[in-house]
Amino acid sequence: MERFWQVYADPRQLEKVWGPAEMPATFTEHALTPGGRMNYYMTGPDGQKYCGYGEVLTVDEPHDFTVRDGFADEDFRPNTDLPTGDNEFRFEAVDGGTRATYTSTFASSEGLQQVLEMGVIEGSTSAINQIDGLLAQQP
Numbered sequence: 020m021e022r023f024w025q026v027y028a029d030p031r032q033l034e035k036v037w038g039p040a041e042m043p044a045t046f047t048e049h050a051l052t053p054g055g056r057m058n059y060y061m062t063g064p065d066g067q068k069y070c071g072y073g074e075v076l077t078v079d080e081p082h083d084f085t086v087r088d089g090f091a092d093e094d095f096r097p098n099t100d101l102p103t104g105d106n107e108f109r110f111e112a113v114d115g116g117t118r119a120t121y122t123s124t125f126a127s128s129e130g131l132q133q134v135l136e137m138g139v140i141e142g143s144t145s146a147i148n149q150i151d152g153l154l155a156q157q158p
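Going letter by letter, the sequence shown gives residues 20 to 158 in my numbering.
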């Protein structure tokens, strides 16, 4: 479980799994502590950067953390025209491995629908599916 936690605690490792494979992430700020901030951008195949931020709400190492994740401009100021989501990342030891549970909560069904239409399911699935490969590469 500790190894799994390190994927999220280390920004260089997190960059390899935060976005879908075709849109790698770069973290410019990463403080996984309550009140901390995580600024990042994902670079699309065409070179366009899509900026986002996370406000770290809770941390219970190595079990879980919660981040309020939102869209941002190029200076990492929140884009209030787009929804934010409270994302909980929970890890538990199971049968010699780690079970990860990810939960996203939005303030409104409209906000949820907006990110669904932007492809959040497909993008998140692609990102999460990279974790096993990363864990296999690094002890």
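In this text, a Cβ means the ideal position worked out from N, Cα and C, and glycines have one as well.
Expressed to the nearest angstrom, what Euclidean distance is found between the alpha-carbon atoms of V113 and P30? Position 94 of the sequence shown holds residue 113. Position 11 of the sequence shown holds residue 30. So the two alpha carbons sit approximately 25 Å from each other.
What three-state label does DSSP hand R56 in the structure shown? For the purposes of this step, residue 56 is taken as the residue at position 37 of the sequence shown. Reduced to three states, the DSSP call for R56 is strand.
Let me know the secondary structure DSSP gives V113 once reduced to three states. Start at 1 with the first residue of the sequence shown, and residue 113 comes out as number 94. DSSP places V113 within a strand segment (E or B) once states are collapsed to three.
Is it buried or exposed for K35, if we count other Cβ within 10 angstroms and need 16 for buried? As a first step, residue 35 is located in the sequence shown; it is residue number 16 there, counting from the start. Residue burial annotation: K35 is buried, with at least 16 other C-beta atoms found within 10 angstroms of its C-beta.
Under DSSP, the alpha helix (DSSP H) around A44 begins and ends at which residues? Stepping through the sequence shown from its first residue, residue 44 is reached at position 25. Run containing A44: none in the alpha helix (DSSP H); it sits in the beta strand (DSSP E), A44 to H49.
Given R96 as reference, the closest of M61, N106 and C70 once Cα atoms are compared: Along the sequence shown, read from residue 1 onward, the residue named residue 96 stands at position 77. Comparing Cα positions, the closest option is C70.
Under 8 Å by Cβ, that's how I've got F110 and W24 pegged, so tell me the actual separation to the nearest angstrom. Within the sequence shown, the letter at position 91 stands for residue 110. Within the sequence shown, the letter at position 5 stands for residue 24. The Cβ separation is near 6 Å, so the contact holds.
Whole angstroms is fine: what's the gap from T45's alpha carbon to M57's? Within the sequence shown, the letter at position 26 stands for residue 45. Within the sequence shown, the letter at position 38 stands for residue 57. Those two C-alpha atoms are separated by around 10 Å.
When DSSP labels each residue in this structure, what does H95 get in the three-state scheme? Against the sequence shown, residue 95 aligns to sequence position 76. With the sequence shown as reference, residue 95 is identified as Phe, and His is not the correct amino acid for it. Looking at F95 - three-state DSSP - the assignment turns out to be coil, as it is neither helix nor strand.
How long is the line joining the alpha carbons of T99 and F90, rounded to whole angstroms? If you number the sequence shown from 1, residue 99 lands on position 80. If you number the sequence shown from 1, residue 90 lands on position 71. Roughly 8 Å between the two C-alpha positions.
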